[in-house]
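Colleague:
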Amino acid sequence: MSTLKVNSISDAAGANGNAITLATDGTCTAKVTNNLSNRNIVINGNFAVWQRGTSGVNTSANAYLADRFKAMSSSDGEAAVTRDTDTPTAAEAGTKFPYSLKVDVSTADSSLAANQYAIITQRIEGNNLSRLGFGIAGTRYFTLQFWVKAPAGTYYLSFRNSAYNRYYLKAYTVSSGDTWEKKTMTIPVDTSGTWVSDNGQGLDVQWSLGTGATAGIVDAWTAGSSHAGSSQYNLLSSTSNNFYLTGVQLEVGSVATDFEHRSYADELDRCKRYYQIYWSGTGEGIATTANWGTAASYGAIRWEKELRAVPSITVSSGGHFKLRSTSTDKTASTVNFGSTNSYSSRIGVEGFTGATDGNAGWIGTTSSSAKITLDAEL
Amino acid sequence: MTYKLFNDPLESTPTLDGIIRTNSDGTKTTIPLDTNNADYAEYLEWIDAGNTPEAAD
Chain A
1 MSTLKVNSIS DAAGANGNAI TLATDGTCTA KVTNNLSNRN IVINGNFAVW QRGTSGVNTS
61 ANAYLADRFK AMSSSDGEAA VTRDTDTPTA AEAGTKFPYS LKVDVSTADS SLAANQYAII
121 TQRIEGNNLS RLGFGIAGTR YFTLQFWVKA PAGTYYLSFR NSAYNRYYLK AYTVSSGDTW
181 EKKTMTIPVD TSGTWVSDNG QGLDVQWSLG TGATAGIVDA WTAGSSHAGS SQYNLLSSTS
241 NNFYLTGVQL EVGSVATDFE HRSYADELDR CKRYYQIYWS GTGEGIATTA NWGTAASYGA
301 IRWEKELRAV PSITVSSGGH FKLRSTSTDK TASTVNFGST NSYSSRIGVE GFTGATDGNA
361 GWIGTTSSSA KITLDAEL
Chain B
379 MTYKLFNDPL ESTPTLDGII RTNSDGTKTT IPLDTNNADY AEYLEWIDAG NTPEAAD
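Which chain is which? The protein sequence lines are A and B, in order. Just so we're aligned: the first sequence equals residues 1 to 378 in our numbering. Just so we're aligned: the second sequence equals residues 379 to 435 in our numbering.
Here it is as structure tokens:
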């Protein structure tokens, strides 16, 4: 047996830093590029989870479709956001992503005004960002990688804080139009500015699809806010244009490691911190209640898991729900919620007559379209 | 899209407990009075723009 006594190990060229650095206390630091878990700070980077559906949202709606990814635009054009099976081949990527997010221009706007833009964004919660140390002194980096298929041209990533008074622009080039390409960029962590490190918005990561605004400053953290630098390609310029995105990973350090595939259940669970379907379809397990007078009944409900913040609650229609407290069902006209917090709420069904005050009951559905959703997105 | 104030129906005196937003597809969203909620932040911007919500029942 022999012992190799060195301070570091690097590749043959030695130009890429040390792959392994050994400390005098017998420990080492290694740049391992695969298999370690919890590296990807982006949630749903492989676009596996689509709780809201897989089509039917335009960029102008400024809404989420794929979990955690929001499409936004302000322009005279329009683009449809959908889930797509077009992804890089296993031969191209060395792995396989389940889906991509597709932006398909349906109405062109060949000349964006100064206040017009189109973007895709993921807003990273401050709790998940604190490990990067934004806003404090020191030299640190994070690395973003993604696969893109789009018209050839120059595009930009914009990284911004929650107050939108600090930004960093990074350009990338789509070399071959409408062909999958992998892009990787390493960004220094901002040592200035105010950065949220709790359950608020930490870092806004934006893919610019076009802007008419004055070009921002590239490759430097800058005061203010900007979507893109000079010569940003205008995706909205033609209805022939499509933009596909998948394989998004943001991680600590200056090395882009292999994409971290999490199980579908794990990815879905992470998404549910921001959006949950409390109820969908027919059934009777919504809540047990107690009648409050003769025209209302209330009960307590708990969310499947704690949300990031107190959620907005959307109900398909009050008439999709009914009170079952006697042999005759009582269809509601209103379903309301009160005393809501990040893990529970009070649900009420109202708008009928003839219930018995103080009796118990439960809430059922009258329609397969019955739906209750919770939204605590950033 | 419209906004309507929502009072807690279990309180004997009117106590604001949320905002009801009627969406373009007819669904209704109960928005909490919490500045960490994105919909409530959007509602406050709507108020700042000079708009007034419908009074509570």
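C-beta atoms are modelled at their ideal positions from N, C-alpha and C, and glycine is treated no differently. All of these numbers come straight from a predicted model, not from anything done at the bench.
For a contact meaning CB atoms closer than 8 Å, what does aspartate 386 of chain B contact in chain A?
Modeller: Reading the second sequence from its first residue, position 8 is the one you call residue 386 of chain B. Near aspartate 386 of chain B (Cβ distances below 8 Å), the residues of chain A are Gly338 and Ser339.
Colleague: Is the beta carbon of arginine 166 of chain A closer than 8 Å to that of alanine 223 of chain A?
Modeller: Position 223 of the first sequence, counted from the first residue, corresponds to residue 223 of chain A. Position 166 of the first sequence, counted from the first residue, corresponds to residue 166 of chain A. Their beta carbons are under 8 Å apart, which means alanine 223 of chain A touches arginine 166 of chain A by this criterion.
Colleague: Considering only residues of the same chain and omitting the five flanking positions on each side of glutamine 51 of chain A, which have a CB-CB separation below 7 Å?
Modeller: In the first sequence, the residue the question calls residue 51 of chain A occupies position 51. Excluding residues within five positions, the ones whose Cβ falls inside 7 Å are Asp67, Cys271, Tyr275 and Ile277.
Colleague: DSSP has asparagine 336 of chain A in a bridge; who is on the other side?
Modeller: Within the first sequence, residue 336 of chain A is the residue found at index 336, counting from 1. Asparagine 336 of chain A is bridged to A:Gly348.
Colleague: Which of the three DSSP states is assigned to asparagine 44 of chain A in this structure?
Modeller: Here residue 44 of chain A refers to the residue found at position 44 when the first sequence is read from its first residue. Looking at asparagine 44 of chain A - three-state DSSP - the assignment turns out to be coil, as it is neither helix nor strand.
Colleague: Just the Cα atoms here: how many angstroms apart are alanine 15 of chain A and isoleucine 9 of chain A?
Modeller: Within the first sequence, residue 15 of chain A is the residue found at index 15, counting from 1. Within the first sequence, residue 9 of chain A is the residue found at index 9, counting from 1. C-alpha separation (whole angstroms): 12 Å.
Colleague: From the DSSP output, in three-state form, read off glutamate 92 of chain A for me.
Modeller: For this step, residue 92 of chain A is matched to residue 92 along the first sequence. In the structure shown, glutamate 92 of chain A sits in a helix (DSSP, three-state: H, G or I).
Colleague: Any C-beta of chain B sitting closer than 8 Å to the C-beta of asparagine 199 of chain A?
Modeller: The count along the first sequence starts at 1 and reaches residue 199 of chain A at position 199. True, the Cβ-Cβ gap to chain B drops below 8 Å.
Colleague: Could you tell me how far apart the beta carbons of tyrosine 172 of chain A and glutamate 377 of chain A are, in whole angstroms, since I believe they sit closer than 8 Å?
Modeller: As a first step, residue 172 of chain A must be located in the first sequence, where it is residue number 172. As a first step, residue 377 of chain A must be located in the first sequence, where it is residue number 377. Incorrect: roughly 26 Å between the Cβ atoms, too far for contact.
Colleague: For isoleucine 409 of chain B, go through chain A and note every residue whose CB falls closer than 8 Å to its CB, in chain order.
Modeller: The count along the second sequence starts at 1 and reaches residue 409 of chain B at position 31. Result: Ser312.
Colleague: Indicate the three-state DSSP secondary structure (helix, strand or coil) for aspartate 426 of chain B in the structure shown.
Modeller: In the second sequence, residue 426 of chain B corresponds to position 48, counting from 1. Helix at aspartate 426 of chain B.
Colleague: Using only the alpha-carbon positions, how far apart do threonine 211 of chain A and serine 111 of chain A sit?
Modeller: The count along the first sequence starts at 1 and reaches residue 211 of chain A at position 211. The count along the first sequence starts at 1 and reaches residue 111 of chain A at position 111. In a straight line, the C-alpha of threonine 211 of chain A is about 9 Å away from that of serine 111 of chain A.
Colleague: Within the chosen definition, does the stretch 93-105 of chain A reach the stretch 242-251 of chain A through at least 3 CB pairs nearer than 8 Å?
Modeller: At 8 Å Cβ cutoff, the stretches touch.
Colleague: Who are the neighbours of asparagine 296 of chain A on chain B, taking C-beta pairs under 8 Å?
Modeller: By one-based count along the first sequence, residue 296 of chain A stands at place 296. Just to set this straight, residue 296 of chain A is alanine in the shown sequence, not asparagine. Per Cβ cutoff of 8 Å: Pro387.
Colleague: Give the secondary structure of aspartate 417 of chain B by DSSP, where H, G and I count as helix, E and B as strand, and everything else as coil.
Modeller: The count along the second sequence starts at 1 and reaches residue 417 of chain B at position 39. Looking at aspartate 417 of chain B - three-state DSSP - the assignment turns out to be helix.
Colleague: Taking the alpha carbon of lysine 330 of chain A as the reference point, which residue from A:Glu181, A:Ala79 and A:Gly351 has its own alpha carbon closest?
Modeller: One-based indexing of the first sequence puts residue 330 of chain A at position 330. Residue A:Gly351 is the option with its Cα nearest to lysine 330 of chain A.
Colleague: For threonine 246 of chain A, does the three-state DSSP call read helix, strand or coil?
Modeller: Along the first sequence, one-based indexing puts residue 246 of chain A at 246. Of the three classes helix, strand and coil, the one that applies to threonine 246 of chain A here is strand, per DSSP.
Colleague: Taking only beta-carbon positions, decide if serine 316 of chain A is within less than 8 Å of chain B.
Modeller: Against the first sequence, residue 316 of chain A aligns to sequence position 316. Output row for serine 316 of chain A: interface = yes.
Colleague: Between threonine 184 of chain A and the rest of its own chain, which residues show a CB-CB distance below 8 Å, the 5 nearest in sequence each way excluded?
Modeller: Against the first sequence, residue 184 of chain A aligns to sequence position 184. Contacts found: Thr143, Leu144, Gln145 and Ala256.
Colleague: Which residues does DSSP list as the beta-bridge partners of valine 218 of chain A?
Modeller: Within the first sequence, residue 218 of chain A is the residue found at index 218, counting from 1. Answer by DSSP bridge pairing, in chain order: A:Leu169.
Colleague: Less than 8 Å between CB atoms is the rule here; does aspartate 426 of chain B satisfy it with respect to chain A?
Modeller: The count along the second sequence starts at 1 and reaches residue 426 of chain B at position 48. Chain A contact via Cβ: absent.
Colleague: Give me, in chain order, the residues of the same chain whose beta-carbon lies closer than 8 Å to that of serine 312 of chain A; leave out the 5 immediate sequence neighbours on both sides.
Modeller: One-based indexing of the first sequence puts residue 312 of chain A at position 312. So the qualifying residues of the chain are Leu374, Asp375 and Ala376.
Colleague: Return no unless some Cβ of chain A is closer than 8 Å to the Cβ of alanine 416 of chain B.
Modeller: Taking the first residue of the second sequence as position 1, residue 416 of chain B is located at position 38. Yes, its Cβ sits closer than 8 Å to a Cβ of chain A.
Colleague: Of all Cβ atoms in chain A, is any one closer than 8 Å to the Cβ of threonine 405 of chain B?
Modeller: Residue 405 of chain B sits at position 27 when you count from the first residue of the second sequence. For threonine 405 of chain B, the answer is yes, since a Cβ of chain A falls inside 8 Å of its Cβ.
Colleague: Kindly indicate the opening and closing residues of the beta strand (DSSP E) around arginine 123 of chain A.
Modeller: In the first sequence, residue 123 of chain A corresponds to position 123, counting from 1. Per DSSP, arginine 123 of chain A belongs to the beta strand (DSSP E) from 117-125.
Colleague: Where DSSP assigns a beta bridge to lysine 5 of chain A, which residues make up the other side?
Modeller: If you number the first sequence from 1, residue 5 of chain A lands on position 5. According to DSSP, which records beta bridges pairwise, lysine 5 of chain A is partnered with nothing at all.
Colleague: In three-state terms, what does DSSP make of glycine 319 of chain A?
Modeller: For the purposes of this step, residue 319 of chain A is taken as residue 319 along the first sequence, with counting starting at 1. Reduced to three states, the DSSP call for glycine 319 of chain A is helix.
Colleague: Taking Cβ to Cβ, would you say serine 106 of chain A is nearer than 8 Å to alanine 80 of chain A?
Modeller: Within the first sequence, the letter at position 106 stands for residue 106 of chain A. Within the first sequence, the letter at position 80 stands for residue 80 of chain A. In this structure, alanine 80 of chain A lies closer than 8 Å to serine 106 of chain A by Cβ.
Colleague: Give, in chain order, every unbroken run of the alpha helix (DSSP H) that is at least 4 residues long and sits entirely within the stretch 218-295 of chain A.
Modeller: Entirely contained in the stretch 218-295 of chain A, the alpha helix (DSSP H) runs reaching 4 residues are, in chain order, 264-271.
Colleague: Between glutamate 377 of chain A and chain B, is any beta-carbon pair separated by less than 8 Å?
Modeller: If you number the first sequence from 1, residue 377 of chain A lands on position 377. Judged by the 8 Å Cβ criterion, glutamate 377 of chain A is in contact with chain B.
Colleague: What does alanine 309 of chain A reach in chain B if we use C-beta pairs closer than 9 Å?
Modeller: To locate residue 309 of chain A, count along the first sequence from 1; it is residue 309. Ordered by position in chain B, the residues that pass the 9 Å Cβ test against alanine 309 of chain A are Pro410, Asp412, Asn414, Asn415 and Ala416.
Colleague: Starting from tyrosine 156 of chain A, trace the beta strand (DSSP E) in both directions and tell me its first and last residue.
Modeller: Residue 156 of chain A sits at position 156 when you count from the first residue of the first sequence. Where tyrosine 156 of chain A is concerned, the enclosing beta strand (DSSP E) stretches over 153-160.
Colleague: Using a 10 Å radius around the Cβ and a threshold of 16 neighbouring Cβ atoms, would you call isoleucine 136 of chain A buried or exposed?
Modeller: Position 136 of the first sequence holds residue 136 of chain A. Exposed.
Colleague: Do the stretch 339-348 of chain A and the stretch 383-397 of chain B touch if we need at least three Cβ pairs shorter than 8 Å?
Modeller: Counting Cβ pairs under 8 Å, three or more are found: they touch.
Colleague: Around the C-beta of tyrosine 156 of chain A, are 16 or more other C-beta atoms found within 10 angstroms, so that it is buried, or is it exposed?
Modeller: For the purposes of this step, residue 156 of chain A is taken as the residue at position 156 of the first sequence. Tyrosine 156 of chain A is buried by the Cβ-count criterion.
Colleague: Quick one: list the residues of chain B neighbouring tryptophan 292 of chain A, beta-carbon separation under 9 Å, in chain order.
Modeller: Your numbering for residue 292 of chain A matches position 292 in the first sequence. Residues of chain B passing the Cβ test: Pro387 and Leu388.
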